[in-house]
């Protein structure tokens, strides 16, 4: 029954999306741009359609959280129960990776990352996102890029994924240094692992020094990889959905059909990408903060 | 050394080309300062808002519940300990009470035995006393009867003797005849 309901929902989603695409807009809108588009400015800050989407998702999440925590009961039920289950499961999952101490410090970030990416990805599948907007007119307007959608999948914007990745990179340095100390942090990267003496120690210092340099390069490239991985997957998904709607040619009343299976796939991709981003960032942090001596367990005792 | 210089010289145009490639990527995806920093600001605001208004209350609620559960568990352990202590104390009190009761019973038994013995002794003494008194009374009565009997016997002997002999007996004769007769009867 539940499967039927979800299938019907997805079917309607595809149908509505195709109508939104065919009615709304833009005969000339024949491709999804690779970047988010500016909607308006607030001083020096550019507000893009992807940013708007992220804000809508954030407002939705805050609303849900507020509704769930409005009337707290000792024995939770309904929305409170669901939200508690979600947060607690996420917390326990991250605790398994990061340990008790680290998860207490960093859960707000990893929780935000996961939930925000997940719901931004899923919200990007709602009909109207990327298909409802307005047309630019006037001189200087590119005739192949006249359409401006109000909303765009939040993670189909490299600036957004890069913002998350580089924010994590800065926080990673902060958490790594505060957890290990500057000396511990540097020795974690450059110091030889194991006990050596004599000429062997000298050689190992050189070897691990070189390895440390490689590690630094790897660390610097992590946010780039994180950004492009998430962006690439989500943008590719949106492209697939859009192009699937176009394969029917002039039979636009059938435009809802080809993307239908891909909606299921995108739901899955949205979840997997949120999980991958959160897992990778959590593991990166754990690797630098791992003392290899069951530090957390000791703390716990 | 020369080769190193030549490698660096050859690498420079490549690096420039790479830079060009990176620039092309940035242009394609519109990665530039205003967009990027706006997104960073947006993400930070969203993260802070979610921390404060979404995760904050939920985590506080979960912490509160965890605290309550921990408190409940601690109380349960405390109650179990108190129960165990109480059971131990009760068992000790019962054992002590049993011991005390046993002691009292033993004492009562001993007291009862002593009292019984004493009462028996008293009863025996009393009985002996009563017996002695009875014996004394019986003896006195017998002596009295005996005296009366002697007297009567003497009077009869004297009267009989006086009638048989036909003479008046004086006091000495009477006494002598009585004594002889009594001596013979008693013998």
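Protein chains in written order, with the working numbering: chain H, 1 to 301; chain R, 1001 to 1187. Glycine included, every Cβ here is placed at the ideal spot set by N, Cα and C.
So what does DSSP say about residue 48 (chain H), is it helix, strand or coil?
Numbered from 1 along the first chain, position 48 holds the residue referred to as residue 48 (chain H). Looking at residue 48 (chain H) - three-state DSSP - the assignment turns out to be strand.
According to DSSP, is residue 175 (chain H) helix, strand or coil?
On the first chain, position 175 is the one that residue 175 (chain H) refers to. Three-state DSSP puts residue 175 (chain H) in a helix.
Where do the ends of the beta strand (DSSP E) carrying residue 149 (chain H) lie?
By 1-based counting over the first chain, the position of residue 149 (chain H) is 149. That run of the beta strand (DSSP E) goes 147-149.
Of the choices H:186, H:192, H:280 and H:267, whose alpha-carbon is the least far from that of residue 229 (chain H)?
Within the first chain, residue 229 (chain H) is the residue found at index 229, counting from 1. When each option's Cα is compared against that of residue 229 (chain H), the closest is H:280.
May I ask which residues mark the beginning and end of the beta strand (DSSP E) holding residue 41 (chain H)?
Translated into the one-based positions of the first chain, residue 41 (chain H) becomes position 41. Residue 41 (chain H) -> beta strand (DSSP E) spans 38-42.
List the residues of chain H that residue 1054 (chain R) touches, going by C-beta distances under 7 Å, in chain order.
Residue mapping note: residue 1054 (chain R) aligns to position 54 of the second chain, counting from 1. Simply 61, 62 and 65.
Does residue 74 (chain H) come within less than 9 Å of chain R when only Cβ atoms are used?
Along the first chain, read from residue 1 onward, the residue named residue 74 (chain H) stands at position 74. So yes, residue 74 (chain H) belongs to the interface.
Beta carbons nearer than 7 Å to chain H: which residues of the segment 1027-1051 of chain R have them?
Listed in sequence order: 1028, 1029, 1030, 1031, 1034, 1035, 1036, 1038, 1039, 1040, 1041, 1042, 1043, 1044, 1046, 1047, 1049, 1050 and 1051.
In the structure shown, what three-state DSSP assignment does residue 55 (chain H) receive?
Walking along the first chain from the start, residue 55 (chain H) turns up at place 55. In the structure shown, residue 55 (chain H) sits in a helix (DSSP, three-state: H, G or I).
Using CA atoms only, rank isn't needed, just tell me which of H:237, H:88 and H:64 is closest to residue 260 (chain H).
The residue labelled residue 260 (chain H) in the question sits at position 260 within the first chain. The shortest C-alpha separation from residue 260 (chain H) is found at H:237.
For the alpha helix (DSSP H) containing residue 108 (chain H), list its first residue and its last residue.
Position 108 of the first chain, counting from 1, holds the residue named residue 108 (chain H). Its alpha helix (DSSP H) spans residues 100-123.
My output table needs one value for residue 130 (chain H): the three-state DSSP class, helix, strand or coil.
As a first step, residue 130 (chain H) is located in the first chain; it is residue number 130 there, counting from the start. Coil at residue 130 (chain H), not helix or strand.
Under 9 Å between beta-carbons, which chain R residues line up against residue 202 (chain H)? List them in chain order, please.
Taking the first chain and counting its residues from 1, the one referred to as residue 202 (chain H) is at position 202. Going along chain R, no residue has its Cβ under 9 Å from residue 202 (chain H), so there is no contact; the nearest lies around 24 Å.
List, in order along the chain, the chain R residues whose C-beta lies closer than 9 Å to that of residue 47 (chain H)?
Here residue 47 (chain H) corresponds to residue number 47 of the first chain, with the count starting at 1. In chain order: 1038 and 1042.
Alpha carbon to alpha carbon, what distance is there between residue 172 (chain H) and residue 201 (chain H)?
For the purposes of this step, residue 201 (chain H) is taken as the residue at position 201 of the first chain. For the purposes of this step, residue 172 (chain H) is taken as the residue at position 172 of the first chain. Cα to Cα, residue 201 (chain H) sits roughly 30 Å from residue 172 (chain H).
Using DSSP bridges, identify the partner residues of residue 135 (chain H).
For the purposes of this step, residue 135 (chain H) is taken as residue 135 along the first chain, with counting starting at 1. Looking at the DSSP assignment, residue 135 (chain H) forms a beta bridge with H:147.
Using a cut-off of 8 Å between C-beta atoms, extract the partners of residue 302 (chain H) located in chain R.
Shown here, chain H extends from 1 to 301; a query on residue 302 (chain H) therefore has no answer.
Classify residue 244 (chain H): buried if its beta carbon has 16 or more other beta carbons within 10 angstroms, exposed otherwise.
Indexing the first chain from 1 puts residue 244 (chain H) at position 244. So residue 244 (chain H) counts as buried.
Just the Cα atoms here: how many angstroms apart are residue 96 (chain H) and residue 282 (chain H)?
Along the first chain, one-based indexing puts residue 96 (chain H) at 96. Along the first chain, one-based indexing puts residue 282 (chain H) at 282. Rounded to the nearest angstrom, the two C-alpha atoms are 11 Å apart.
Is residue 120 (chain H) near the ligand SAH, in the sense that its beta carbon is under 8 Å from a heavy atom of that ligand?
For the ligand SAH, the structure offers nothing, since it holds no ligand at all.
With a 10 Å radius around its C-beta and 16 neighbouring C-beta atoms as the bar for buried, classify residue 277 (chain H) as buried or exposed.
The residue you call residue 277 (chain H) lines up with position 277 of the first chain. Classification for residue 277 (chain H): buried.
Got a sec? Which residues, its chain only, sit under 6 Å from residue 69 (chain H) by beta carbon, not counting five neighbours each side?
Counting from 1 along the first chain, the entry for residue 69 (chain H) is found at position 69. Excluding sequence neighbours, residue 69 (chain H) sits near nothing in its chain.
What number of angstroms, rounded off, separates the C-alpha of residue 86 (chain H) from the C-alpha of residue 1074 (chain R)?
The residue labelled residue 86 (chain H) in the question sits at position 86 within the first chain. The residue labelled residue 1074 (chain R) in the question sits at position 74 within the second chain. In a straight line, the C-alpha of residue 86 (chain H) is about 27 Å away from that of residue 1074 (chain R).
For residue 130 (chain H) and residue 148 (chain H), which I take to be in contact (beta-carbon distance under 8 Å), what is that distance rounded to the nearest angstrom?
As a position in the first chain, residue 130 (chain H) is number 130, starting the count at 1. As a position in the first chain, residue 148 (chain H) is number 148, starting the count at 1. About 11 Å separates the two Cβ atoms, so there is no contact after all.
If we call anything under 9 Å between Cβ atoms a contact, is residue 1034 (chain R) one with residue 46 (chain H)?
For the purposes of this step, residue 1034 (chain R) is taken as the residue at position 34 of the second chain. For the purposes of this step, residue 46 (chain H) is taken as the residue at position 46 of the first chain. Going by C-beta atoms, residue 1034 (chain R) is nearer than 9 Å to residue 46 (chain H).
Roughly how many angstroms lie between the CA atoms of residue 1099 (chain R) and residue 1089 (chain R), to the nearest whole one?
Here residue 1099 (chain R) refers to the residue found at position 99 when the second chain is read from its first residue. Here residue 1089 (chain R) refers to the residue found at position 89 when the second chain is read from its first residue. Their Cα atoms are separated by approximately 15 Å.
Once DSSP output is grouped into helix, strand and coil, what is the label at residue 73 (chain H)?
Taking the first residue of the first chain as 1, we reach residue 73 (chain H) at position 73. Note: residue 73 (chain H) maps to coil in three-state DSSP.
In whole angstroms, give me the CA-to-CA distance for residue 1174 (chain R) and residue 1166 (chain R).
Position 174 of the second chain holds residue 1174 (chain R). Position 166 of the second chain holds residue 1166 (chain R). Rounded to whole angstroms, residue 1174 (chain R) to residue 1166 (chain R) spans 14 Å at the Cα level.
According to the Cβ coordinates, are residue 1053 (chain R) and residue 65 (chain H) closer than 9 Å?
Your numbering for residue 1053 (chain R) matches position 53 in the second chain. Your numbering for residue 65 (chain H) matches position 65 in the first chain. Yes, Cβ-Cβ distance for residue 1053 (chain R) and residue 65 (chain H) is below 9 Å.
So what's residue 85 (chain H) in DSSP terms, helix, strand or just coil?
On the first chain, position 85 is the one that residue 85 (chain H) refers to. Three-state result, residue 85 (chain H): helix.
My guess is that residue 58 (chain H) and residue 1050 (chain R) are in contact by the Cβ rule of under 8 Å, so how many angstroms apart are they, rounded?
Working through the first chain from its first residue, we reach residue 58 (chain H) at position 58. Working through the second chain from its first residue, we reach residue 1050 (chain R) at position 50. The pair is a contact, with the Cβ atoms about 6 Å apart (cut-off 8 Å).
Residues in its own chain within less than 6 Å of residue 36 (chain H) by CB, not counting five upstream and five downstream?
Locating residue 36 (chain H) in the first chain gives position 36, where the first residue counts as 1. Correct list, in chain order: 48, 49, 50, 152 and 157.
In chain order, what residues of the same chain have a beta carbon less than 7 Å from the beta carbon of residue 233 (chain H), not counting five sequence neighbours either side?
As a working mapping, residue 233 (chain H) is identified with position 233 in the first chain. Correct list, in chain order: 269 and 273.
Determine which residues of the segment 248-262 of chain H have a Cβ less than 7 Å from any Cβ of chain R, and write them out in chain order.
Hits within the stretch: zero.
Got a sec: is the Cβ-Cβ distance from residue 1073 (chain R) to anything in chain H below 9 Å?
Residue mapping note: residue 1073 (chain R) aligns to position 73 of the second chain, counting from 1. Answer no: the Cβ-Cβ gap between residue 1073 (chain R) and chain H never drops below 9 Å.
Quick check on residue 227 (chain H): does DSSP put it in helix, strand or coil?
Along the first chain, read from residue 1 onward, the residue named residue 227 (chain H) stands at position 227. It is helical.
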